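K.L.:
Numbering (our numbering), first residue to last: 72 to 700. The beta-carbon is built from N, C-alpha and C at its ideal position, and this holds for glycine as well. Given the structure is predicted, the values throughout are model-derived calculations rather than measurements.
#1: Kindly indicate which three-state DSSP category residue 179 falls into: helix, strand or coil?
#2: Run through DSSP, which three-state label would residue 351 get?
#3: Would you say the beta carbon of residue 137 comes nearer than 7 Å to a heavy atom of the ligand PLP?
#4: Spatial neighbours of residue 645 within its chain, please: CB distance less than 8 Å, with the 5 preceding and 5 following residues excluded, ordered by chain position.
#5: Tell me the residue span of the alpha helix (DSSP H) that contains residue 161.
#6: Which partner residues does residue 265 have in the DSSP bridge list?
#7: Pick helix, strand or coil for residue 480, following the three-state DSSP scheme.
#8: Evaluate contact between the stretch 405–425 and the stretch 338–354, counting only Cβ atoms and requiring at least three cross-stretch pairs below 8 Å.
#9: What are the complete beta strand (DSSP E) segments, minimum 3 residues, inside the stretch 230–267?
#10: Closest to residue 69 by CA distance: which of 318, 670, 693 is it?
#11: Count the other CB atoms within 10 Å of the CB of residue 696; is the residue buried (16 or more) or exposed (fewer)?
#12: Determine the direct distance from the alpha carbon of residue 123 to that of residue 143, and round the result to whole angstroms.
#13: When burial is assigned at 16 or more other CB atoms within 10 Å of the CB, is residue 642 buried or exposed?
#14: Looking at residue 486 and residue 378, is the spacing between their C-beta atoms short of 8 Å?
#15: Output the boundary residues of the beta strand (DSSP E) element that contains residue 25.
#16: Terminal residues of the continuous alpha helix (DSSP H) containing residue 146?
#17: Use the C-beta contact count for residue 251: other C-beta atoms within 10 angstroms, 16 or more gives buried, fewer gives exposed.
#18: Please report the residue range of the beta strand (DSSP E) in which residue 524 lies.
#19: If we call anything under 8 Å between Cβ atoms a contact, is residue 480 one with residue 528?
#20: Are the beta-carbon atoms of residue 473 and residue 384 separated by less than 8 Å?
#21: Considering only C-alpha positions, which residue in the set 497, 439, 212 is nearest to residue 454?
#22: Residue 133: buried (16+ other C-beta within 10 angstroms of its C-beta) or exposed?
#23: Pull up the CB-CB distance for residue 592 and residue 578, whole angstroms please, since I reckon it's below 8 Å.
#24: Who does residue 368 pair with in a DSSP beta bridge?
#25: Applying the 10 Å Cβ sphere with the 16-neighbour rule, what's the burial state of residue 292?
#26: Could you compute how far the alpha carbon of residue 163 sits from the alpha carbon of residue 542?
#27: As a quick exercise: from 624, 657, 609, pick the residue whose alpha carbon is nearest that of residue 688.
#28: Please list, in chain order, all residues of the same chain as residue 595 whose beta carbon is under 8 Å from its beta carbon, the five residues on each side excluded.
#29: Is residue 599 helix, strand or coil when you go by DSSP?
#30: State buried or exposed for residue 611, treating a residue as buried only when at least 16 other CB atoms are found within 10 Å of its CB.
#31: Please confirm whether residue 322 and residue 329 have their CB atoms less than 8 Å apart.
#32: Buried or exposed, going by whether 16 or more other CB atoms sit within 10 Å of the CB of residue 367?
#33: Hey, could you find the ends of the alpha helix (DSSP H) residue 167 is sitting in?
#34: On the DSSP bridge assignment, give the partners of residue 400 in chain order.
#35: Taking all protein chains shown into account, do 16 or more other C-beta atoms lie within 10 angstroms of the C-beta of residue 168, making it buried, or fewer, making it exposed?
#36: Looking only at its own chain, which residues have a Cβ that is under 7 Å from the Cβ of residue 170, when we skip the five neighbours before and after it?
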């Protein structure tokens, strides 16, 4: 599907104070290096994709979004532009003066962040340009009838545990895994969409805004679909009604908060809706499909860098939105906190607001017994921090009404860019520790029939709640050792970011400090801990864990995928993905850091993407498939 952007004509009143989005031929952005074979792997760091928000605030928001400069286009209007148009304005257009003050990396990342897709991705990503088309497109089998990893956590419990039958892979066989095929994402920078495997097909979103359907065994491509922005998290597949020949839909959201339902067989769009209209809102985590409905978590980039005194901080807030899976009708929307209201003006006369924050960074969990939906929330951006920040929330599945919440950290008002070197009035007076709950709650039934709901924090604390007693605390323990000296980023906190996996005995969490811990479900007692970054203390294993009987998999920021014995934590297999790959679609590709996602294991195969151009991670643009063959 192609889309056309309708761009406003060049404004003249504000001169160099705003972007000229139309006019002369676009400047051609120099090719990025990460995919070029034989060259040093590019890194994220200060030039990571999230840094574009800081550059936009510093150089652009004095006018764009400022009511005192009405001629300047709004940030929301700029978000609708292609990265090429934004890059042209910074290099050859009326914003060249401002663009000249930025480095080349900053210009590229500003264009990438604001458009929510990399430069060059529109032209190169279509499956029509790929040589490995599948010879035919046979009718899909029922996704629920065979081995599958559907959505984020295999099923609606988000335990991320694949049964022996559906895994088709035993602990004894894991050491024999070999790379079967690799698929390259044209112009991709981050492979942060976890592959969904149903009906013998791979459904993959990308940071370039393309969604692909591939054959799981060979990697041949059935179709591609072009969205409006990057697609992160994971895709969910389920039946739809009343859409003619369409039997199954594939559902996901993008970085502009558009939500899509496609025909899973053909890739044709069934519907599209929008989950939020805040210009910096995004869908980071995977929507979840259940009983004909799609539940969508909404997050925001606002906290990344809102300490700029020219920015009207802060107005975004997390939410969960329910849609009808067959037609995209919005059924309900529940915000994490109350609507922001004006509080005061800073010394520059910029109006400030509160409350704000509470992004939902994780895929919700469904409780069919209580007809409830559970999810974790992020920190607050403003003081005082709302009681529903850094919390597990429970909503009524039908209405979205709050049932209860359990807060794991009080007074956590956090803002990126604030600290000793930035005393901006936009910053919290008493900054919090930044302990968002980024991981999906895990719902488990114990052997004795008792149920528990597990969640974890970025400092390593794990909480077991009683879902049948409105989230009453059962136990709490810390799974993480102290972070190593010199640790930064996720490793500085030492704890748990994107989540764990649970079997019937233990829960397994990868750690930001590098390593994995196993805890008893019944008591929280630590069963074992295995360090995975002994010689490189800056490596983290904050990515989500995936498990099969006897094995827990976790990847790291160094690009290494590990398989550990669930019995004693011993490493039984490793694979370094941070290298060049020959791909089935002939796209130059290499792996990099792995963060957020975990591997998906289905029918004797293991799938994982490599590359994470966020928070200092190495770029990468490859999907890897392993098997015993």
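P.N.:
In short:
#1: Counted from its first residue, the chain shown places residue 179 at position 108. In this structure, residue 179 counts as helix in the three-state DSSP scheme.
#2: Here residue 351 is taken as the residue at index 280 of the chain shown, counted from 1. Residue 351 falls in the coil class under three-state DSSP.
#3: Of the ligands one can find in the structure shown there are none, so the ligand PLP has no counterpart to examine.
#4: What you label residue 645 is simply residue 574 of the chain shown in a count that begins at 1. 631, 632, 633, 634.
#5: Indexing the chain shown from 1 puts residue 161 at position 90. Per DSSP, residue 161 belongs to the alpha helix (DSSP H) from 154–162.
#6: Start at 1 with the first residue of the chain shown, and residue 265 comes out as number 194. Beta-bridge pairing links residue 265 to 305.
#7: For the purposes of this step, residue 480 is identified with residue 409 of the chain shown, where counting begins at 1. In this structure, residue 480 counts as coil in the three-state DSSP scheme.
#8: no
#9: 249–255
#10: As shown, the chain starts at 72 and ends at 700. That puts residue 69 outside it, with no answer to give.
#11: Counted from its first residue, the chain shown places residue 696 at position 625. When all chains shown are included, residue 696 counts as buried.
#12: To locate residue 143, count along the chain shown from 1; it is residue 72. To locate residue 123, count along the chain shown from 1; it is residue 52. Approximately 19 Å, taken between the alpha carbons.
#13: Residue mapping note: residue 642 aligns to position 571 of the chain shown, counting from 1. Burial call: exposed.
#14: To locate residue 378, count along the chain shown from 1; it is residue 307. To locate residue 486, count along the chain shown from 1; it is residue 415. A contact, by the Cβ cut-off of 8 Å.
#15: In the structure as shown, the chain begins at 72 and stops at 700. Residue 25 is therefore absent and cannot be evaluated.
#16: As a first step, residue 146 is located in the chain shown; it is residue number 75 there, counting from the start. 146–150 is the extent of the alpha helix (DSSP H) around residue 146.
#17: Here residue 251 corresponds to residue number 180 of the chain shown, with the count starting at 1. Result: buried.
#18: Residue 524 sits at position 453 when you count from the first residue of the chain shown. 522–527 is the extent of the beta strand (DSSP E) around residue 524.
#19: Along the chain shown, read from residue 1 onward, the residue named residue 480 stands at position 409. Along the chain shown, read from residue 1 onward, the residue named residue 528 stands at position 457. Contact: yes.
#20: Working through the chain shown from its first residue, we reach residue 473 at position 402. Working through the chain shown from its first residue, we reach residue 384 at position 313. Contact flag unset, no.
#21: As a working note, residue 454 is residue 383 in the chain shown. The shortest Cα separation from residue 454 among 497, 439, 212 belongs to 497.
#22: Counting from one through the chain shown, the residue named residue 133 turns up at place 62. So residue 133 counts as buried.
#23: Mapped onto the chain shown, residue 592 falls at position 521. Mapped onto the chain shown, residue 578 falls at position 507. Right, their Cβ atoms sit about 6 Å apart.
#24: As a first step, residue 368 is located in the chain shown; it is residue number 297 there, counting from the start. Its beta-bridge partners are 391.
#25: Reading the chain shown from its first residue, position 221 is the one you call residue 292. Residue 292 should be labelled buried.
#26: By one-based count along the chain shown, residue 163 stands at place 92. By one-based count along the chain shown, residue 542 stands at place 471. Looking at the two C-alpha atoms, the distance is approximately 56 Å.
#27: Here the question's residue 688 lines up with position 617 in the chain shown. Considering only alpha carbons, the answer is 609.
#28: By one-based count along the chain shown, residue 595 stands at place 524. Contacts found: 533, 535, 546, 547, 548.
#29: Reading the chain shown from its first residue, position 528 is the one you call residue 599. Here residue 599 sits in strand by DSSP.
#30: Looking up residue 611 in the chain shown gives position 540. Residue 611 is buried by the Cβ-count criterion.
#31: As a first step, residue 322 must be located in the chain shown, where it is residue number 251. As a first step, residue 329 must be located in the chain shown, where it is residue number 258. Contact: no.
#32: What you label residue 367 is simply residue 296 of the chain shown in a count that begins at 1. Its Cβ being crowded by 16 or more others within 10 Å, residue 367 is buried.
#33: Walking along the chain shown from the start, residue 167 turns up at place 96. Residues 167–171.
#34: By one-based count along the chain shown, residue 400 stands at place 329. Beta-bridge pairing by DSSP links residue 400 to no other residue.
#35: Taking the chain shown and counting its residues from 1, one reaches residue 168 at position 97. Looking at its Cβ environment, which holds fewer than 16 other Cβ atoms inside 10 Å, residue 168 is exposed.
#36: The residue given as residue 170 occupies position 99 in the chain shown. Contacts found: 161, 162, 178.
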